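This report concerns only the one structure given below.
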Amino acid sequence: MLLHDKFGRAITDLRISITDRCNYKCVYCRTGNEGALYGDLPFEDYLRMARVLVGMGITKVRLTGGEPLLRNGVVNFVGELAKLRPELDIALTTNGHLLADLAPRLKAAGLTRVTVSMDAVDPDRFARITRVPNGYDNVLGGIRAARRAGLWPLKVNCVLMRGFNEDQIIPFGMFAREEGVTVRFIEFMPLEEDRVWSPSTVVTLDEILARMAEYRPLVEIPHGRSETARRYRFEDGIGEIGIIAPVSHPFCRRCSRIRITSDGKIRTCLFSVWDHDLHAQMRRGASDQQLEDFIREVVAKKEERHHIGEPDFVPASRTMVHIGG
Ligand code: SAM
């Protein structure tokens, strides 16, 4: 029987964070210092969780973190995931810093798609946001290496945070056209370690569209049911952008995701106020059937929606770097 929550949503997408370590300290995500770590698990533990979940109807697995490419053995892990089911969609979200060298091996191991996070198309601004000097060339090199390796089409995710990079909207429109990537702008969510979010820090979908229209006209493209991004192409047919607007236009009703944190907890929503310890079940010697029962019970409790910006909003019990975005 496939996985459904009590609101009738089918759960088909799994995100696994394979480490909560990161080599970047992006202003909208982490603190400027080292921060706390929950740690990570041996790959065979994630593989068992993925195997059980794929048996329950998961069709897409996305590896994330922290920075997933910091983890030695990630290529081999992708290869093991690819053996779980022939048409399993295996995606990766990365900051791209280490992607150039790894792209061909990831592709050969069975990675289907890659999304690179990049929040400015200007090296100095990029360094200010990531708080890492000289990362920009690595990331650009990673994007181009992914293209050569056949990890294509590729998406570039840009979180917009007022005061840092809202002037990058049009430059990213140009970048999408020149590099042939789909640039997806993401509204800033209250999931950062520094707790600086307020409604005024969010650059909204409407604002992004208005700004981009000053550059070139856009035409909306119909999007898939469980797709989080609204999609647009430039009127002349060259270049595509997307906007992921969880704050101004929530898409919880279409949510098909669950997450496993690097320390083996299930999270049913980015904004959950509790985790469900799947790894503890494994440590206690649970059989695959018992893990399945546990997962069904947890998924049944999936939250209906988030409450960002509402008076009853309670911050998530973990920040993005410890959840896996
Ligand atoms: N290190 C990888 C990367 O940079 O893509 C994967 C982990 S990162 C936490 C996953 C995604 O979450 C990135 O696209 C990042 O920009 C996004 N993200 C992090 N904090 C966010 C926030 N507060 N609001 C919206 N998106 C955020």
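Numbering (the working numbering), first residue to last: 79 to 403.
Ideal placement from N, C-alpha and C gives every residue a C-beta, glycine not left out.
Bear in mind that the values here come from a model prediction, so they are computed numbers and not experimental data.
Nearest-angstrom Cα distance between residue i and residue j?
i, j, result
"residue 193", "residue 362", "36 angstroms"
"residue 138", "residue 107", "25 angstroms"
"residue 225", "residue 366", "38 angstroms"
"residue 156", "residue 389", "42 angstroms"
"residue 182", "residue 221", "12 angstroms"
"residue 90", "residue 305", "12 angstroms"
"residue 381", "residue 154", "34 angstroms"
"residue 176", "residue 96", "15 angstroms"
"residue 233", "residue 196", "10 angstroms"
"residue 151", "residue 269", "28 angstroms"
"residue 209", "residue 110", "7 angstroms"
"residue 190", "residue 136", "15 angstroms"
"residue 251", "residue 198", "11 angstroms"
"residue 378", "residue 211", "45 angstroms"
"residue 117", "residue 341", "6 angstroms"
"residue 257", "residue 317", "9 angstroms"
"residue 130", "residue 373", "9 angstroms"
"residue 149", "residue 392", "32 angstroms"
"residue 349", "residue 332", "16 angstroms"
"residue 319", "residue 82", "31 angstroms"
"residue 132", "residue 163", "8 angstroms"
"residue 168", "residue 92", "10 angstroms"
"residue 279", "residue 273", "11 angstroms"
"residue 119", "residue 158", "16 angstroms"
"residue 351", "residue 399", "15 angstroms"
"residue 239", "residue 261", "16 angstroms"
Using only the heavy atoms of the ligand SAM, determine whether one of them is closer than 7 angstroms to the beta carbon of residue i.
i, result
"residue 171", "yes"
"residue 281", "no"
"residue 142", "yes"
"residue 338", "no"
"residue 107", "yes"
"residue 270", "yes"
"residue 216", "no"
"residue 212", "no"
"residue 264", "yes"
"residue 398", "yes"
"residue 219", "no"
"residue 237", "yes"
"residue 403", "yes"
"residue 333", "no"
"residue 330", "no"
"residue 145", "yes"
"residue 278", "no"
"residue 347", "no"
"residue 195", "yes"
"residue 360", "no"
"residue 267", "yes"
Can you tell me which of the three DSSP states residue i falls into?
i, result
"residue 327", "coil"
"residue 124", "helix"
"residue 248", "helix"
"residue 219", "helix"
"residue 312", "strand"
"residue 301", "coil"
"residue 370", "helix"
"residue 336", "strand"
"residue 319", "strand"
"residue 345", "strand"
Please return the same chain residues whose Cβ sits closer than 8 angstroms to the Cβ of residue i, not counting the five positions on each side in sequence.
i, result
"residue 287", "296, 310 and 321"
"residue 467", "The structure shown has nothing for residue 467, since the chain only spans 79 to 403."
"residue 47", "Nothing in the structure corresponds to residue 47, since the chain is present only between 79 and 403."
Near residue i, what residues of its chain come up, given a Cβ to Cβ distance below 7 angstroms and the 5 sequence neighbours on each side ignored?
i, result
"residue 376", "344, 346 and 354"
"residue 113", "271"
"residue 85", "382"
"residue 237", "106, 197, 264 and 266"
"residue 160", "166, 168, 187 and 188"
What residues in its chain sit with their C-beta under 6 angstroms from that of residue i, if we drop five residues either side in the sequence?
i, result
"residue 214", "201 and 204"
"residue 173", "102, 145 and 195"
"residue 323", "265 and 283"
Q | Runs of alpha helix (DSSP H) wholly within the stretch 376 to 403 (minimum 4 residues, chain order) | A | 398 to 401
**Q.** Length-filtered (3 minimum) beta strand (DSSP E) runs lying within the stretch 229 to 291
**A.** 233 to 238 and 260 to 265
Q) What alpha helix (DSSP H) runs, 4 residues minimum, are completely inside the stretch 157 to 201? A) 177 to 187
Q. Mind pulling the beta strand (DSSP E) runs of 3 or more residues that sit fully within the stretch 95 to 153?
A. 138 to 142
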